[in-house]
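Below is one structure, written out as structure tokens; comments come after it.
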Amino acid sequence: MVDFPVFPDFSQGVPLPSSVFFLTHLLLLLQPGELNSEEVRVVGPGEPILALVGEEVEFSCHLSPYLDAEDMEIRWFRSQTSDVVHLYQGRQELHSQQMAQFRNRTKLIKDYIMDGSVNLQLRGVIPADEGLYGCRFLSSNFSREAVWELEVAGLGSDPHISLEGFKKGDVQLRCSSSGWYPKPQAQWKDHKGQCLPPEMEAIVQDARGLFDLETSVVVQGGSHSNVSCSIQNSLLLQKKEFTIQIADAFLPGSSPWKRAFLGTLVGLPLLLAALMTLALYFLQKQRRCQENLRKQAEKDKERLTAELEWRAAQQYAVDVTLDPASAHRSLEVSEDGKSVSSCTAVPGPVVGDPQRFSEQTCVLSCQRFSAGRHYWEVHVGRRSRWFLGVCLASVPRMGPGHLSPANGYWVMGLWNRCEYFILDPHRVALTLRVPPRCVGIFLDWEAGKLSFFNVSDGSHIFTFTHTFSGTLCAYFRPRAHDGGEHPDPLTICPVPVSRTCILEEDETDSWL
């Protein structure tokens, strides 16, 4: 954010020589200084981006420091710059230079290009899109680029179990599902939850790059009342499961006469039941199709509404920095105040410091919020435990602290890598479709709302509603003992801000 000098009031009359001197001085102030090209860098996503098959993903890139990129060449590419995903050159987009794989699938968002910030949307993600990507800014005096990785995942169809037949007096079942990526894992289980060894398993990749799976199992007669088939996506850590119940009365015995008797006994009623079931099936199928269309329309509307809310929140982006004076002694705050991580060696206790948290392994922001709207993003990486949100600036620094709105804390957290929740005041589980690598936080003080967004896919996570009556701070708690394989720091992301947004923030900013 740029601070402009306060100008004198010309309405009161200023002598002509003084006015000329002042205007000359103003022009010198507004004249842009010379920028060393070696200081310019391109900031991209940094961490791998996870996208779902068939959906949309967005890549963001911007120059640091902010420069006008309207007359630059901006090239989005795959592993090498000659593999063009999208090309902006001479103030226009050259679609003819694109790789055939990306034609009619990309959209360049250049609303903030004069600030050096552009986004690229890629529609209809397919497995072939997985891999390295980059963006390069090219001008007459410098060329800089950033690269990142796109990970693709697909959650396949619901498993379907069918009766294949009888094999030596036992029942042979087949389970099938399609549309998975990457290669899924299948598991048969009995009614006690114990694994059953599959008789056969086949995984085939179709022309779209998605995997179809078929697996079969042989169930001994009378040994299992029900059997389940589950298929899991290892990247999304999600699975789909189907359970079938087997009636012992219809399991074939070892003697041929028993099978013949049972076939005669149940054959006619089964035929009549099959006809009735077939009629009900088509009726229910039609109803399910209509219901699925209605639910899909509602989901699309909710997703679009959430994305619009997230983009609207980004207009109120603020520059948040960490206050090292408030940090617990086991935490280490970076010199630029943008990231916090656990110390490898915990220093001795700090005596008589009322600003520092004594037991909570957390740190607050330097900024204070008592009015207005404020948005910031925090990169959480692959940490398995963390808390983010806001708290009252007046919360006690001594003691353990209880994270709930009643005690002045509005936070969401992650535990054991996949358990997302909020505390209000008890733990309430949250269901996220895509694990967030970056979390957006939007505070609307007057409206009494604190919202969390998944920056990885633009979805809304949760919103607290409360009538705020005090000064708030941003709250960061990386958890000293992360327990995961990736103890990444919590890092405040640089968020591009347009000139219009800067003026709006200057008018409503109420930091103390």
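Using this note's numbering, the letters of the sequence shown correspond one by one to residues 531 to 1042. Each residue gets a CB set at the ideal place from its N, CA and C atoms; glycine is no exception.
- In the three-state reduction of the DSSP assignment, Y1005 falls in the strand class, which pools E and B.
- Taking C-beta atoms under 8 Å as the contact rule, Q651 and K637 qualify, at a distance of about 4 Å.
- Every beta strand (DSSP E) stretch that sits fully inside the segment 896–943 and reaches 3 residues is listed by chain position as 903–909, 916–922.
- If you draw a 10 Å sphere on the C-beta of V734, you find fewer than 16 other C-beta atoms in it, and that means exposed.
- For the pair of segments examined, the segment 952–971 was found not to touch the segment 855–868: the number of CB pairs separated by less than 8 Å stays below three.
- W975 places its beta carbon less than 8 Å from that of S900.
- For Q619, the secondary structure class from DSSP, reduced to helix, strand or coil, is strand.
- Setting aside the 5 residues that flank it on each side, K697 is surrounded in the same chain by V748, each with a C-beta closer than 7 Å to its C-beta; the list follows chain order.
- With a cutoff of 8 Å on beta-carbon distance, R621 and S594 are scored as not near each other.
- In terms of Cβ geometry, F917 and V941 form a close pair [threshold 8 Å].
- Check the Cα spacing between P728 and each of R738, T891, S746: the tightest is with S746.
- In this structure, Q768 lies away from P714, with their beta-carbon atoms at least 8 Å apart.
- Here the alpha carbon of P1019 sits roughly 13 Å from the alpha carbon of E577.
- Close CB contacts of T611 within its chain, under the 7 Å cut and outside five residues either way in sequence, are with R605, R666 (chain order).
- For the pair of segments examined, the segment 922–933 was found to touch the segment 999–1006: the number of CB pairs separated by less than 8 Å reaches three.
- Setting aside the 5 residues that flank it on each side, C705 is surrounded in the same chain by P689, I691, T745, C759, each with a C-beta closer than 6 Å to its C-beta; the list follows chain order.
- Under a 10 Å Cβ-count criterion, R633 is classified as exposed, with fewer than 16 other Cβ atoms of the shown protein chains found around its own Cβ.
- As the crow flies, the alpha-carbon of W906 is around 35 Å from that of K770.
- T1021 is positioned such that its CB atom lies closer than 8 Å to that of H909.
- The alpha-carbon of L953 is positioned some 8 Å away from that of G943.
- Unbroken beta strand (DSSP E) stretches of 3 residues or longer found wholly inside the segment 712–766: 715–720, 730–735, 741–749, 756–763, given in chain order.
- F607: member of the beta strand (DSSP E) spanning 603–607, first to last residue.
- With a cutoff of 8 Å on beta-carbon distance, E603 and Q628 are scored as not near each other.
- Taken atom to atom, the span from the alpha-carbon of L597 to that of V677 is near 20 Å.
- Under the three-state reduction of DSSP output, K697 falls in the strand class.
- Note on geometry: alpha-carbon atoms of S864 and C896 lie some 14 Å from one another.
- C-alpha of A804 to C-alpha of W710: approximately 32 Å in a straight line.
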